[in-house]
Amino acid sequence: MRYSQLLIPTLKETPADAEVISHKLMLRAGMIRKVAAGIYTYLPMGLRVIRKVENIIREEMNRAGAQEVLMPAVQPAELWQESKRWDFYGKELMRIKDRHDREFCIGPTHEEVITDLVKREVKSYRQLPLNLYQIQTKFRDEIRPRFGLMRGREFIMKDAYSFHKDEASVDEGYRAMYEAYKRIFSRCGLDFRAVEADTGTIGGSFSHEFMVLAETGEDFIASCDTCDYAANMEKAESRSKRVLPGEKEPEKPMEKVSTPGKKAVDEVAAFLKTTPEKLVKTLIYKTDDGRFVAVLLRGDHEVNDVKLKHLVDAKEVELAAHADVERLTNAPSGFAGPVGLAGIPIYADQTVDEMANFIVGANEGDAHYVNVNYPRDFKVERFADLRKVVVGDSCPRCHGSLRIFKGIEVGHVFKLGTKYSEAMKAVFLDEEGKEKPFIMGCYGIGVGRTAAAAIEQNHDEFGIKWPLPIAPFTVAVIPLNVNDAASMETGEAIYRELLSQGIDTMIDDRDERAGVKLKDADLVGIPLRVVIGERGLKEGVVEIKDRRTGVVDKVPVAEAVTKVCDALKNA
Ligand code: ATP
Ligand code: MG
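In this text, residue positions in the sequence shown follow my numbering: the first is 28, and each later residue adds one.
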């Protein structure tokens, strides 16, 4: 391709509404343009990257035995009513009506359409397992679309769905996808981790997210410094120290003390000349179905809402309003405590079970109890792991300790079980001729988000440093002065030769200043460039520069193509 014919509208200035570096650089490098919030046009350079990511995905999915299909973006409401998601999916589901007033949605995901297809076309266990995938445009009416392709409303996803006759088969299918994902993200040149993810109401460790490590990530992940345990913070566990009764401090008599106006943990701790670790805070939560529960937690810890939701079997939990807290504890809010608290169940984080002689609110204004002990002074419904892990916590698997990173979720593998097949009555006949619901798995990759994540990990102050396999072009040939006949002749010859070797090459044949051309090449991030300057040519050499390492090699003109080929082989 010739730069002069390509649409690459690079920008000198960073657009004001872009917050993260990948969004800024995609705009500046002329890869994407916004059409509406979270909706983008992919320009030639952007689309080339997208297609390269897609091709890697396609190759690895095919290699893993999956088959490509293409489902529609527009889906009839009936399918979503069958799965019961029409009512549950909420506002992210873009609902539309056709001219006959029939309801449809623009697919945010395709479990319904694929389950309906397989229900109609697959009848026997002999046709299983089956893995179908597509690379297709999704629409989710995200509440806060942001960061360019990272969280769009319209975006390209690879989604795969597998169908199995039994647990052993779905586990094998899941493993195969897990391995395929590892290959895909490695081939894309990304530094990533596969982490255990929350499975909502399905439970079990049947879900992994593939996280690209980056400061701009919206997810937090905990990983062990010793073994390969890694989990999303929503799910991450830590091992509690088993404190035997004899190892605790001897119990002291409980005493009520005055703490005028001291509500926050830090204030109470300072006032009583101790540290937050000696306090147990009592938080009153309300569930989506109107129940109230009390949660006990060490003063310096935080509640993990996802863990609490699962424990109390609720869809949502939120801190109760002040008025509710005051009614339930008979005290101004800020002084809640477990001693004498009646009428609502008390759940305590397991760390509380390790503590002795701690401080709690007294359910009375301006008062706390000190030297409180369990079970002497109060009862709990249950101890459970209810808190967010913190740096340095013990790994749940080994003797190591946990570290915390930020990550971008680029892929997700999930064992669905029979959730959709049961709801939609999708069954097959097993070996004994009995009807059984398909056991399913689903597997997604955000294509645009993967490209954006690659930029988050690979850039410098001058622009993008594309990993070779997903760069818009592999090599840029740059004759610095197109009006110099010898430069152009050499450039054209190298360009043609690289193309004939099957290397994805472009030539910058623009009549622009050398500085402009080199700046654009850095910004757009082509991994290798061959620069032809008049001075060098007189000495019979051209320069080959590696964008990632910055290393410049002067090579004789006749060897330029071989050197490029060698560099690519060794990359
Ligand atoms: P998130 O928690 O980031 O909203 P999700 O859990 O909703 O993601 P999935 O339903 O598992 O995502 O979708 C599969 C993949 O699609 C994700 O791993 C991600 O890479 C991509 N993806 C999801 N939502 C978006 C979006 N709004 N923009 C771009 N990519 C997305
Ligand atoms: Mg989402």
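Beta carbons: idealized from backbone N, C-alpha and C, even for Gly.
Near the ligand ATP: residue i beta-carbon under 7 Å from a heavy atom
{"i": "Ile-472", "result": "yes"}
{"i": "Met-177", "result": "yes"}
{"i": "Gly-288", "result": "no"}
{"i": "Arg-476", "result": "yes"}
{"i": "Thr-136", "result": "yes"}
{"i": "His-439", "result": "yes"}
{"i": "Met-184", "result": "yes"}
{"i": "Arg-167", "result": "yes"}
{"i": "Glu-436", "result": "yes"}
Whether residue i touches residue j by CB criterion (8 Å)
{"i": "Lys-596", "j": "Asp-580", "result": "no"}
{"i": "Val-76", "j": "Pro-499", "result": "yes"}
{"i": "Gln-163", "j": "Met-98", "result": "yes"}
{"i": "Arg-180", "j": "Gly-65", "result": "yes"}
{"i": "Ile-133", "j": "Ala-93", "result": "no"}
{"i": "Leu-52", "j": "Ile-482", "result": "yes"}
{"i": "Glu-524", "j": "Val-588", "result": "yes"}
{"i": "Ile-311", "j": "Val-352", "result": "yes"}
{"i": "Ile-48", "j": "His-486", "result": "yes"}
{"i": "Lys-313", "j": "Ala-347", "result": "yes"}
{"i": "Ala-241", "j": "Lys-79", "result": "no"}
{"i": "Asn-357", "j": "Lys-279", "result": "no"}
{"i": "Gly-216", "j": "Ile-435", "result": "no"}
{"i": "Leu-507", "j": "Val-578", "result": "no"}
{"i": "Arg-210", "j": "Glu-329", "result": "no"}
Minimum C-alpha distance to residue i - residue among the options
{"i": "Pro-16", "options": "Ile-559, Phe-489 and Ala-257", "result": "Nothing about residue 16 can be reported from this structure: the residues present for the chain run from 28 to 598 only."}
{"i": "Val-379", "options": "Ile-48, Pro-287 and Asp-327", "result": "Asp-327"}
{"i": "Ile-84", "options": "Tyr-470, Val-387 and Phe-465", "result": "Tyr-470"}
{"i": "Leu-271", "options": "Gln-102, Gly-364 and Glu-381", "result": "Glu-381"}
{"i": "Tyr-474", "options": "Ile-183, Leu-70 and Pro-42", "result": "In the sequence under discussion, the amino acid at residue 474 is Val, which differs from the Tyr named in the question. Considering only alpha carbons, the answer is Ile-183."}
{"i": "Asp-246", "options": "Asp-316, Val-222, Glu-148 and Glu-282", "result": "Val-222"}
{"i": "Val-584", "options": "Val-339, Arg-575 and Val-569", "result": "Val-569"}
{"i": "Ala-63", "options": "Asp-393, Thr-37 and Leu-176", "result": "Leu-176"}
{"i": "Arg-318", "options": "Pro-103, Ala-480, Lys-342 and Arg-476", "result": "Lys-342"}
{"i": "Ser-151", "options": "Ile-170, Phe-190 and Glu-391", "result": "Phe-190"}
{"i": "Asn-82", "options": "Phe-212, Glu-329, Ala-104 and Ser-49", "result": "Phe-212"}
{"i": "Ala-450", "options": "Ile-48, Gly-567 and Leu-106", "result": "Leu-106"}
{"i": "Met-58", "options": "Ser-49, Ile-48 and Tyr-69", "result": "Tyr-69"}
{"i": "Ala-480", "options": "Lys-452, Asp-218, Glu-524 and Val-352", "result": "Asp-218"}
{"i": "Gln-32", "options": "Asp-536, Gly-567 and Asp-573", "result": "Asp-536"}
{"i": "Arg-354", "options": "Asp-186, Asn-390, Val-80 and Glu-524", "result": "Asn-390"}
{"i": "Arg-112", "options": "Glu-139, Met-88 and Lys-124", "result": "Glu-139"}
{"i": "Gly-427", "options": "Glu-95, His-235, Gly-73 and Val-418", "result": "Val-418"}
{"i": "Asp-393", "options": "Asp-404, Val-284 and Tyr-447", "result": "Val-284"}
{"i": "Ser-250", "options": "Ala-241, Ala-263 and Gly-244", "result": "Ala-263"}
{"i": "Ile-170", "options": "Glu-130, Ala-187, Leu-120 and Gly-216", "result": "Leu-120"}
{"i": "Ile-386", "options": "Thr-445, Pro-71, Val-292 and Ser-514", "result": "Val-292"}
{"i": "Asn-384", "options": "Tyr-201, Pro-277 and Ser-448", "result": "Pro-277"}
{"i": "Ile-466", "options": "Val-145, Phe-131, Thr-41 and Tyr-116", "result": "Val-145"}
{"i": "Arg-29", "options": "Pro-71, Gln-377, Ala-207 and Leu-38", "result": "Pro-71"}
{"i": "Arg-153", "options": "Ala-594, His-395, Gly-460 and Pro-554", "result": "Gly-460"}
{"i": "Asp-193", "options": "Asp-538, Gln-528, Gln-484 and Thr-445", "result": "Thr-445"}
{"i": "Gly-235", "options": "Arg-147, Gly-244 and Arg-220", "result": "Here residue 235 is His; the residue named in the question, Gly, does not match the sequence. When each option's Cα is compared against that of His-235, the closest is Arg-220."}
{"i": "Arg-90", "options": "Tyr-208, Tyr-188 and Lys-124", "result": "Tyr-208"}
{"i": "Lys-406", "options": "Val-333, Ala-453 and Ala-321", "result": "Ala-321"}
{"i": "Ala-104", "options": "Gln-377, Thr-576 and Asp-114", "result": "Asp-114"}
{"i": "Glu-86", "options": "Tyr-522, Lys-185, Asp-538 and Asn-331", "result": "Lys-185"}
{"i": "Gly-388", "options": "Ala-363, Arg-403 and Asp-412", "result": "Ala-363"}
{"i": "Ala-224", "options": "Val-333, Ala-187 and Asp-252", "result": "Val-333"}
Nearest-angstrom beta carbon gap, residue j and residue i [assumed within contact, 8 Å]
{"i": "Val-307", "j": "Leu-335", "result": "At roughly 16 Å, the Cβ-Cβ gap does not stay under 8 Å, so Val-307 and Leu-335 are not in contact."}
{"i": "Ile-534", "j": "Thr-501", "result": "Going by Cβ atoms, the distance from Ile-534 to Thr-501 rounds to 13 Å, so no, they are not a contact pair."}
{"i": "Val-416", "j": "Met-260", "result": "7 Å"}
{"i": "Ala-296", "j": "Pro-303", "result": "5 Å"}
{"i": "Pro-359", "j": "Thr-309", "result": "Contact doesn't hold; Cβ gap of about 13 Å is too wide."}
{"i": "Gly-468", "j": "Gly-552", "result": "Going by Cβ atoms, the distance from Gly-468 to Gly-552 rounds to 36 Å, so no, they are not a contact pair."}
{"i": "Val-437", "j": "Thr-477", "result": "5 Å"}
{"i": "Lys-544", "j": "Ile-505", "result": "6 Å"}
{"i": "Glu-408", "j": "Ile-373", "result": "6 Å"}
{"i": "Arg-574", "j": "Arg-562", "result": "Not really, about 22 Å apart at Cβ, beyond 8 Å."}
{"i": "Ser-448", "j": "Thr-142", "result": "6 Å"}
{"i": "Glu-46", "j": "Phe-174", "result": "6 Å"}
{"i": "Phe-420", "j": "Thr-37", "result": "The amino acid at residue 420 is misidentified as Phe; the sequence shows Asp. With a Cβ gap of about 46 Å, Asp-420 and Thr-37 do not count as contacting."}
{"i": "Phe-233", "j": "Lys-442", "result": "3 Å"}
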